Every structure is written in structure tokens, then in C-alpha cells.
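2 protein chains.
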Amino acid sequence: MISGKHKLAQPDPDDVPKAVINRLSLYLRELQHLLRNGKTTISSSQLGRLFGFTDAQVRKDLTCFGQFGHPGIGYRCEELVVAIRRILGTDRVWTVALFGVGNLGRALLGYKGFSAKGFQIVAAFDADPHKVGSMIDGVCIEPMDRLDDVVARQQIQLAMITVPAAVAQAVADLAIEAGVAGIVNFAPVTLSVPDDVSLVGVDLATELEQISFSVANRDKSG
Amino acid sequence: MISGKHKLAQPDPDDVPKAVINRLSLYLRELQHLLRNGKTTISSSQLGRLFGFTDAQVRKDLTCFGQFGHPGIGYRCEELVVAIRRILGTDRVWTVALFGVGNLGRALLGYKGFSAKGFQIVAAFDADPHKVGSMIDGVCIEPMDRLDDVVARQQIQLAMITVPAAVAQAVADLAIEAGVAGIVNFAPVTLSVPDDVSLVGVDLATELEQISFSVANRDKSG
DNA sequence: CCGTGTGAAATCGTTCACAGCC
DNA sequence: GGCTGTGAACGATTTCACACGG
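Protein chains in written order, with my numbering: chain S, 210 to 431; chain G, 210 to 431.
Next comes the structure, spelled out in C-alpha cells:
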């Protein structure tokens, strides 16, 4: 049974809009920041204003998953942090493998923000024999043929892909075959994965294109 | 007057959904890939299938900005690439400055994908005097007090922020003050910027949280 | 008072279905 | 035949507005 003094609804995740999950991540980040600054409660309108969202939106996002607020008071930051972490599944540690130890891969290996949020990179793979065997940020670089072995032994659940675009699909296929359940893909290609594998793609150039569009069209506004 | 043999509508950018721009980036990426493989035309349904979109969606996304298709034929890849680049504003080169030369900053400096898409990182700033003056991937690391100077001289239009979260807002304020029109923020904080500055935030931990949510809730489906 | 939770209304985005063209 | 462009129908998400609780 799910414990805790607040109702935690568990809706079919398919009818929770993806955008809601994105906002929950933002709320969580901000709440943790507020907590460090000694704030103990916050209202939906205060929280929303930090991001330009309405108060109703914040409340709707949260009531998707249960009732976490206190009428007349607002939300207690600490309670809400616990609740959102449970919703997102980050109330436990996830094991992550990195594929491709190039510039970006090395940066991710050294990124402090992951472990703070409950994601631990416990293995890294690269095709280059010169990199294999070396140690980066406490992680030993493995050759791809040790994949099944390492994923099974370290119980790896998630993959981050930072290999060149041309081989990203092949690497994803191998990772899935080995048993990973979710993938964050940084290679600039669209991967196809089975329905039972979660996928998000992050394309750095695409992010810049969003900006270039809005800057280039700023004046055409009306 | 805007030239070219196809109509290029210029709608108020505010009534084009942000999601459309995102998809245009994906179409562009895929079209360039198809072109390299010698494909000359593609239909909306073929293009959509690559991403799991419907044919109608692809056509609607494009007709937002004009008429680029040929009934009975589909879209000519080369024409469409030109059109989308013009829409996104990447038919010219953008000058970008990088703020914060840590792990992630160095990775972005070395990322080939940017220049291929028309984004050139022409300057980098860091607060650490040990880094200032060194050269990374052809870019000289400057101290923050040279900001106005460098932005003006190099005509810098966009900023990428990879400094620690605690100083990200201050750095953004300085960059905006110096004249930058758009920002991609990699620091895990919500920045606030004036209306006339474009902003996108990329939080690496948040991307992993999207995956952890869907993996953690995979079974509760129904 | 202030603030949450929530059905109802409004808005926004996607898909349908078909006229017109090659 | 195949395919685009597009108004109309649909579905999803956001906002409104108010009942209820502290």
C-alpha cells in the first residue's frame, strides 16, 4: 500500500499530458531552491508567477496526482517536494549508462546535477579502443562488447546516447536489447524504439533554432 | 520584397504554436539527411511517418508559412530545406557567445553541429582568471569585464549560458545589457528576461526526470 | 479574509474529409 | 492514380469562477 498522509492518486500515465510532467520538474527545482532559502510554504499563485503560469494551472497540475495543498495556507514546500519526487519516480536512485565518450559525453559524466536529482551514471561505453579502460570522473570506459554483461551486473535502467548520429540508432538498439527501459538521445537523429521503451530527444542545434526563429521574427509581431 | 518562387507568408510569430517551430526543426534535420541520401521529393505522409505525426499535421505546419508543396508530387526536399531555413532564420549565420567554460561549456565549444546549422560560437567568457586567455577550439576565453567590448565588436546576437546556477541570472542580465537578443540557458534555474529577449531553457536533469516518470509508471497503464 | 480543488467554459492544437491540381 | 491546402469537427489543455475549508 502507498503510505504517507496525503492522497497520492495514480492516474493512467497516458492521460497525464507530457507538459504537466515538464512543469512538475520545474516546480520541484524551484521548491528545492525555496527550501534552501528557508521558505516553508508557497501558494499556487506565487509558484506560478515564478514561471509565468496561472495559479489555476499549478493547482490542476498537482491535483492530477492527489491533494497536496492546505486551504488558506498554500502548499508546504517540504511536503510538496516529497510528493513530486514520488510522482516523478526520483524518490529512488536510477542507474544510467552513457554511450559515447566524446566532448558531450565527458561533460555529462562530470555533471553534478544528475546525482543530486537521483541519477547515477555507473557505466560508460565507447567504440574507441584508446578510450576503453581509462577512468573518467570515477567511471571506467567499457568496450561495447561488454554491454550485456555490464547492464546486467550493474542493473542499468536508463541510457544517455552521445554517439555520432550515424551510429545512434544501432547503439540504441543494442542498449534496448541489453535491457534499458529509457533513453535520452543527444544525437541529432530521430530514433525509433519499441513502445515499451521511453525516449526523449535533446538536439542542441534545435534549441538554438527556436531562439533564432523568435529573434528573427521579433519585429513582425502584431 | 521577399523573393523566391514560393509564397512565404509571415504570420505574427505569436500565433504560431511553439510546437510547430520545434517540428520544423525536426523536418529540416530529416530533409537534410534525405537529401544526402539522394532523395529529391517526399510527401507529407512519408515525412510524418518518420516522426509518428499525421500527414495533415505536416501540411498544416508548413502552410502556416506559405505554400511549398506540389499537388500530386509532394515536397521537393531541396526547396523545402531552403524554405524552412528561411522560416527559422537559419539562412544566415548567427553569432553566439558562450558564458561559462566548464565541462559543458567546453563540450559546446567543440560541438560540430552548431556551425553546420549556421550558429557560430565566436566568443567565450569565464570568471576564472586561470581560464582567461587560453584558447579552446579556436575561441579565446575572455574575462567578463570585456563583455560589452566583445559583444559590440563581434556583433554577438545570441548567448549560451553554462555557468553555475547561482550566477546564471546575473550573467544573463549582463549579456542582455550588452545587447544579446536571445539566450539558451543550460543552468538549472528559471531566468527572467525582458519581453524583447528570447529565452529557452535546457535542463539536463529535467530531461531525465521525464524518462524516469514514464519508466516508473509504465505498468500503471490501462 | 486567503487559498485550494473542481466542474464548466473557453481556448488552443490536431485530425478529418474533401475540393482542386498534377 | 497520388498529393496538397484548407475549412470544419474534434479532442485536449488552459482558464474561469465559485463552493468549501482554515
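Heads up, the beta-carbon is just placed ideally off N, CA and C, and yes, glycines get one too.
A quick note: this is a predicted structure, and the numbers were derived from the prediction, not measured.
Asked                                                                                                                                  : Found
Backbone CA spacing between GLN266 (chain G) and GLU287 (chain S) [nearest angstrom]                                                   : 42 Å
Burial state of ALA386 (chain G), where buried means 16 or more other Cβ atoms lie within 10 Å                                         : For clarity, residue 386 (chain G) is Glu in the given sequence; the question names Ala instead. GLU386 (chain G) comes out exposed.
The region 282–299 of chain G / the region 290–301 of chain S touching (three or more Cβ pairs under 8 Å)                              : no
SER343 (chain S) - DSSP class collapsed to helix/strand/coil                                                                           : coil
CB contact below 9 Å: VAL341 (chain S) versus chain G                                                                                  : no
Contacts that ASP354 (chain G) makes with chain S (C-beta to C-beta distance below 7 Å)                                                : The contacting residues do not exist; ASP354 (chain G) stays about 26 Å from chain S at best.
Three-way DSSP call (helix, strand, coil) for CYS286 (chain S) in this model                                                           : helix
Where PHE308 (chain S) falls: helix, strand or coil (DSSP)                                                                             : strand
Status (buried if at least 16 other CB within 10 Å, exposed otherwise) for GLY257 (chain S)                                            : buried
CB contact below 9 Å: ILE251 (chain G) versus chain S                                                                                  : no
Cβ-based burial, ILE282 (chain G) [other Cβ within 10 Å; buried from 16]                                                               : exposed
Opposing strand residues paired with CYS349 (chain S) [DSSP bridges]                                                                   : S:MET344
Contacts that PHE323 (chain G) makes with chain S (C-beta to C-beta distance below 8 Å)                                                : LEU413, ALA414, LEU417
Beta-carbon contacts of VAL359 (chain G) that lie in its chain and below 6 Å, excluding the five residues immediately before and after : ALA332, GLU351
Nonlocal neighbours in the same chain, by C-beta distance under 7 Å from PRO397 (chain G), ignoring five residues either side          : ALA374, ASP412, ALA414
Check whether ILE230 (chain S) and SER407 (chain G) have beta carbons under 9 Å apart                                                  : no
LEU271 (chain G) beta carbon less than 9 Å from that of SER475 (chain G)                                                               : The question about residue 475 (chain G) has no answer, for chain G in this structure spans 210 to 431.
Pair within 9 Å by beta-carbon distance, ASP337 (chain S) and VAL310 (chain S)                                                         : yes
Length of the line joining the Cα atoms of MET353 (chain G) and GLU416 (chain S)                                                       : 25 Å
Selection from S:ILE370, S:THR371, S:CYS349 that minimises the alpha carbon distance to GLN363 (chain S)                               : S:CYS349
Span of the beta strand (DSSP E), counted from its first residue to its last, around SER407 (chain G)                                  : 407–410
Strand pairing of GLN366 (chain G), partner residues [DSSP]                                                                            : In the DSSP output, where bridge partners are listed per residue, GLN366 (chain G) has none listed.
Under the three-state DSSP convention, the category VAL331 (chain G) falls into                                                        : strand
Min CB distance PHE422 (chain G) to chain S below 9 Å                                                                                  : yes
Reference GLY327 (chain S), options S:ARG232, S:ARG301, S:MET369, closest by Cα                                                        : S:ARG301
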